[in-house]
Structures are given as C-alpha cells and as structure tokens.
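Using the working numbering, you'd call the opening residue of the first sequence number 47 and step up by one each time.
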Amino acid sequence: MPNPKQKATVVIYWHRTDLRLHDSPALQAALSLNPTTFIPLWTWDPHYVYKSRVGPNRWSHLLQSQTDLSKSYKALNPHQKLWVVREAPQTVLPKLWARWGVTHLVFEKDCDAYARARDEVVVRLAEEAGVEVIVRSGRTLFDVDEIVAKNGGKATMSMAQIEKAVEKIGKPDRPVDAPTAIPDPLEWDGMDLTGVEEEGDGVLEDGVDVNSVHRSGTDKQYAGIMGPGRDFGVPTLEEIGIDAGDVRTPHCGGESVALRLLARCIADEEYIGRFEKPNTSPAAFEPQSTTLLSPHLHFGTLSVRKFWWDVQDVMERRRKAKKSNASIPTNLPGQLLFREMYFAAHAAVGEPFCRTYGNPMVRFIDWHLQSKSPEEIAHGDAGDKLYEVDSDEAEVWFLRWKEGRTGFPWIDALMRQLKQEGWIHHLGRHSVACFLTRGGCYVSWERGAEVFEEMLIDHETACNIGNWMWLSCTAFFAQFYRCYSPITFGKKWDPEGNLIRRYCPELAKFDKKYIYEPWRAPIADQRKWGCRVTGDGSSSTNEDGNIYPKPMFDFDQRRTICLDAMKNAYHVGLHGDDKEVKDGSWRKAFGLDEGGKRPNKKQKT
DNA sequence: GTAATGTTGCGTAA
DNA sequence: TTACGCAACATTAC
47 MPNPKQKATV VIYWHRTDLR LHDSPALQAA LSLNPTTFIP LWTWDPHYVY
97 KSRVGPNRWS HLLQSQTDLS KSYKALNPHQ KLWVVREAPQ TVLPKLWARW
147 GVTHLVFEKD CDAYARARDE VVVRLAEEAG VEVIVRSGRT LFDVDEIVAK
197 NGGKATMSMA QIEKAVEKIG KPDRPVDAPT AIPDPLEWDG MDLTGVEEEG
247 DGVLEDGVDV NSVHRSGTDK QYAGIMGPGR DFGVPTLEEI GIDAGDVRTP
297 HCGGESVALR LLARCIADEE YIGRFEKPNT SPAAFEPQST TLLSPHLHFG
347 TLSVRKFWWD VQDVMERRRK AKKSNASIPT NLPGQLLFRE MYFAAHAAVG
397 EPFCRTYGNP MVRFIDWHLQ SKSPEEIAHG DAGDKLYEVD SDEAEVWFLR
447 WKEGRTGFPW IDALMRQLKQ EGWIHHLGRH SVACFLTRGG CYVSWERGAE
497 VFEEMLIDHE TACNIGNWMW LSCTAFFAQF YRCYSPITFG KKWDPEGNLI
547 RRYCPELAKF DKKYIYEPWR APIADQRKWG CRVTGDGSSS TNEDGNIYPK
597 PMFDFDQRRT ICLDAMKNAY HVGLHGDDKE VKDGSWRKAF GLDEGGKRPN
647 KKQKT
C-alpha cells in the first residue's frame, strides 16, 4: 500500500503497441511503482490514425482490441477503463501531466522510425515537466536495438544474421504474469478535462501542427478531447466516420480472442511441432492453414514472448516423447524470428527503411509508378499523386490489381479476399506481390506496400516493407528468376479452384480445367456456366449477364520483359541512397528518354 | 578464390 | 513423386 506520508505516485500507463494485460513488462514496471493513482491511457496518434491509411477492417480490429482491454481493466477494478484521449500525444500529454499531477509515464518501447521521433519529443517534454519516464521492451522477443548492436550495428539482412545475433543475447525472457489488481484512477472531478482542449493550439515548438487533421472540419474523428460522451470512451465506428457495412472481416480483435486462438493452436501439438510455413496452403480458407495470430501481434493483444514460449514448451514435450519437430526457419519460432529480423532492420536503418529514396539497403529498379521524392511531396509539387505516372498502361494494371480485376482469377481472388477480410496467407501475398512488381506489372513495390498497409488487419510496417522488398528482389532476396505464375502456383495448392470460386463467385460454375484460365473456355461453355469472359472488369455485368475480365496482359510475355528488365537493373546496380536516385540522373543509367519512357531496344544482358 | 546455401518457382522428363 | 535445367543473385563457409 502507498505510504500516505509520501508524495502521491500518479502513473500514466500509455498503451500503444500493447493492447493487453498479459506478459507486459512495461505494465508490470508501472504497477510495481505501487501507484496511488493509475491511468491506462490511449492517445489518438496522428501518424497511426491519419498519416498512414487504415482501412475499415483494421480500424474495427483496433476498436475491438481497445474495447476488450477496457473491459479487462474494469473487471479488475470497476473504477477503471482504457481512457481514450483524442489528441496527439506530443501536445496532450504535457496538459495531462499538469492537470492530473502525474509523476510517472510508462510505456512499451517502439522502434518504428516515426514512433522514435514521437517518443523523443514526449520524453524531452516529460523531463522538462519533471515527469519520470519508464520504457520497457516487450513488443518483440528481444530488444531490437540490442539485436542491431549484436549484428555490428548493421541491419539484419538474412536469417543467418538474425540467428547469430540473437544467439549472442540468449533466450527470450519468459512471460510475466498479468496483474490481478489495478489501482484507482482519480475521482471524476480530477479526471475531467473540460476546458483542456482549449489550452494551447496543439502546435509543437518546431512549427509542426500534429493536430491539424483534428481541426480540419473534414474529419469527424475529433469530437472533443474526451469524446462525444465526454467519458474517454473507446470510439465507435460512427465516431471515426466508418460505415459499419464496410467492415467485412470475419477476424475479431482483442486480447481475450487472441488468448483463446493461441490456446486452440497450442492444444494441437502435432500442428505446432510439425508446422512448416512453405507447406501450408495459401488457398485454404475456413479454416485457414496458418494461425491467424498476426493481427494480434500487431495490436499487442498477444505477447510474442508468450507465443514463443508456448510453442517452445510444446516442442520440448515432443522432444521428450521422441517426436520430431520442424526446424528454423520454416517452423513457428522461425516465423517469429523473421519478424525480429524485419524489426531490427527497420530499427537499424531508421526512417528511410520505409521507402526506396535515400535507403542504402534497397536496390533501385526502374519500376513504373516510381515514388516522387520526399522533397517534391513536401514542397507540394507532387500534385494529386505521390508517384510518377511514367506509363498509363502500368497505372491501369496497378488499379486493376488493387481492385481484383486483372483477369487472372488466382490474383483477383486473393486481392478480393484481402479487401474483404483484411488477411491473406503469406504465400498468397507472395503471389500478388511478385505479380505487381518483378513478375508481371513491373510496378514499384512501394505502390503495393501502400495497398497492403491500407487493407491488412495485421499490417506491421517493418514486416510489410521488408516482405515487399523481399518479393520485389530489392533487398533480403535476389533470385528474381524464380517467378510465381498466376496460373500454376495456385493450381498446385488448389486444383479445384475453390479459393477462386469463393472470392470470384461469377466463375463458380467453371470447370476446373478452365478455372485458372477462364479466357480459354469455349464461348458455349462460358454461356453454360453463366459468365462471359470479356471487357476490363470495370463492370461485372453486361447484356449477356455476368462477366469476368479478360487477362490484362499476356503473362508469359510480361514475365520475359520483366526478367530482362530486372537483369538490366541489377547490372546498373544502383541503390536508394545513390546520388543518381536523388538527382534523377538514374534515367540516363537505365537508357530511358527524357520523359522517362522506355525506348524500344533490347536491354543489355 | 571456389563451392555451398538460401523459408516458400516452373516446366519437363523419367 | 522426384530430379534436373533454366540462367544465375548474394552471402557464407571453406
């Protein structure tokens, strides 16, 4: 119990990447302060909420996770909840410290580039205000800064490197217990922030207005600092301005869901022990072939260390029973190590990690729809598009890819599953990413990463960017001659085409002989099966009834063109931080004309 | 320096 | 089902 003679200990626990109570080292550190007052807080983060595009499915997942956490707090202490404050942390936290008499700020370490910049500001302001800051690692198996240090300060670029680096650190810590009691917040009069939103204008010292979107008037998300009910409640979809009908994912968020899901996976010891990612089917749905735990790792509704150790314990029991386990990197612990690898690479490179421009670790390729430079965008010279439209044809391909109307059913089914449900299997992501970049459209991986960022419920910046680099052969992986076919690859897993029938229902009656290449079906059969293959997919019916688009290009032709172009780009050998990339002279190195168009000549081999 | 290796390719032959 | 050529990258082990 707190000693009444001592100064009150008023602790804000700032939830960000950790919407859970179980195995949270930072939460444990906060509670071990033995607070007289404890305030579990969520601040509306302008980066998460506005800058990055978040689709309805991920929004829904976030709000479900917050609701679940809030309930768990309430179950431990009826006066408690997750207190949601609708303002950017950099501007609102100092106001809260003053108003609530805060002595300590505690949070889980976040090494994403934008988060580090944000947290540096917050920590500096806390020091100025005399608030003690406590930070603990817990989002990853290891402190990623320590991984980077053990890798010689360099980005971890391969499984071998990450394995060596973590070997030097040892085993991840075992999970810590969830709290069994939570101290009270302030009395309501103390919590009430009436008038606080008017204090200050929300602009940081360097002139950056982190709350501009709040006040823009075009966004409904800011209904006062305490929310429309003036009770710090978790926002509703309506408050965010999302139509509930747009939330179509069947996957649910929240710590309690995560722990149930994990327990169900762990109970199947054969599945856990023998799991090998490349042997799980990208075409499986209901049930999917993998664990579906990735969204919970993203929101921190599941502790990655609990996942790791629950799996390790199963494998240990199997070893003792003389049963064999799959090994790194294809097994479950291997999957978690890939996550560490991408986090550590992001931590080592910092802000340029998320793009090509200025990024030393990424190859520069003469993609279509290349990103404009940050300077152009910052100066407002970029116009309405943040990428260069060097080819109208490629932009059409990109939009058709995004909307799932390429005319290749395997690609379209996956992209429609992604849009509807916010999740597709890892190998499905490989298929569509290869198709958009080096194995079809030759469109910049950055365009694809943006679409995934918007649509995936498990979107994790480091993993998403890293995987797009991998698939586009710009970093981590270089065997660009291994190209996924939009026809063969799916067929290998799903010869009946059940995934296609599910997500492209207009093709549901097609014979399996044509399901991956419906344009080859005779017209009479197309009529019989109730869907004509014609047009570009801009509408789903015509006077003949249902229609499905013709393929938007000859894949074999495009594969050859892309392969030659990749060979040439590797020969040119530029990287994101080379001066030719910064000053635009890369076009000359690639033999492109002034308008950036490709001359019709054979590429150098 | 050379050879082996790298979570997850495809098409063809046996 | 397995093996190999395809045309060939980067890293690591030796």
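The beta carbon of each residue, even a glycine, is placed where N, CA and C say it ideally should be.
Cβ pair residue i, residue j closer than 9 Å
i, j, result
"Arg364", "Ser370", "yes"
"Thr376", "Pro328", "no"
"Cys298", "His107", "yes"
"Phe278", "Trp456", "no"
"Ile228", "Gln126", "yes"
"Trp443", "Gly486", "yes"
"Pro341", "Gly468", "yes"
"Met407", "Gln207", "no"
"Leu464", "Gly474", "yes"
"Ile58", "Leu139", "yes"
"Arg310", "Tyr488", "no"
"Val478", "Leu460", "yes"
"Leu65", "Phe345", "yes"
"Tyr549", "Arg462", "yes"
"Trp60", "Val152", "yes"
"Ala508", "His621", "no"
"Ile288", "Trp105", "yes"
Proximal residues to residue i (C-beta, below 7 Å), its chain only, five neighbours per side dropped
i, result
"Gly655", "Beyond the ends of the chain as shown, which are 47 and 651, falls residue 655; an answer cannot be given."
"Arg320", "Ala372"
"Ser417", "Arg401, Thr402, Tyr403, Leu432, Tyr433, Ser490 and Glu492"
"Thr520", "Val408, Arg409, Ile411 and Trp491"
"Asp292", "Pro102"
"Leu187", "Pro218, Val350, Arg351, Trp354, Leu382 and Glu386"
"Phe331", "Leu545 and Arg548"
Cross-strand partners of residue i (DSSP beta bridge)
i, result
"Thr336", "Per DSSP, none; premise fails for Thr336."
"Ser137", "Note on residue identity: the sequence assigns Thr, not Ser, to residue 137. None; Thr137 has no bridge partner."
"Arg106", "The residue you asked about is not Arg; residue 106 is Ser in the sequence shown. Ser106 is not bridged to any residue."
"His392", "BP columns for His392 are empty, so no partner."
"Asn257", "According to DSSP, which records beta bridges pairwise, Asn257 is partnered with nothing at all."
"Gly591", "Asn588"
"Pro86", "Tyr59"
"Val100", "According to DSSP, Val100 bridges with nothing at all."
"Leu151", "Ile58 and Val179"
"Trp129", "Leu87"
"Arg276", "According to DSSP, which records beta bridges pairwise, Arg276 is partnered with nothing at all."
"His621", "Arg409"
Outcome for residue i when other beta-carbon atoms lying within 10 angstroms are tallied against a minimum of 16
i, result
"Thr337", "buried"
"Gln525", "exposed"
"Thr483", "buried"
"Asp639", "exposed"
"Pro225", "buried"
"Ile470", "buried"
"Tyr527", "exposed"
"Pro564", "buried"
"Gly450", "buried"
"Pro71", "buried"
"His425", "exposed"
"Glu439", "exposed"
"Ala76", "buried"
"Thr264", "Legend: pLDDT at Thr264 = 47, less than 50; position of this residue unreliable, no value from coordinates given."
"Ser183", "buried"
Beta-carbon contacts of residue i that lie in its chain and below 8 Å, excluding the five residues immediately before and after
i, result
"Gln358", "Pro379"
"Thr55", "Pro48, Leu79, Asn80, Pro81, Thr82, Thr83, Thr149 and His150"
"Phe636", "Asp412, Asn614, Ala615 and Val618"
"Leu109", "Val280, Pro281, Thr282, Leu283, Ile286 and Gly299"
Nonlocal neighbours in the same chain, by C-beta distance under 6 Å from residue i, ignoring five residues either side
i, result
"Asp230", "His125"
"Arg578", "Gln572, Asp590 and Ile593"
"Trp491", "Thr483, Trp514 and Ser518"
"Ile193", "Ala211 and Ala390"
"Val167", "Gln136"
heavy atom of the ligand GDP below 8 Å from residue i C-beta
i, result
"Val360", "Looking for the ligand GDP in the displayed structure turns up nothing, as the structure carries no ligands at all."
Task: Length at least 4, wholly inside the stretch 521 to 567: the alpha helix (DSSP H) runs in chain order - done: 534 to 539 and 544 to 549
- [ ] Please go through the stretch 400 to 434 and give each complete alpha helix (DSSP H) segment of 4 or more residues, from N-terminal end onward.
- [x] 420 to 424
TODO: May I have a chain-ordered list of the alpha helix (DSSP H) segments no shorter than 4 residues that lie completely inside the stretch 279 to 312?
DONE: 283 to 286
Open item on the list: My parser needs the beta strand (DSSP E) runs of 3 or more residues fully inside the stretch 163 to 222; what are they?
Closed with: 178 to 182
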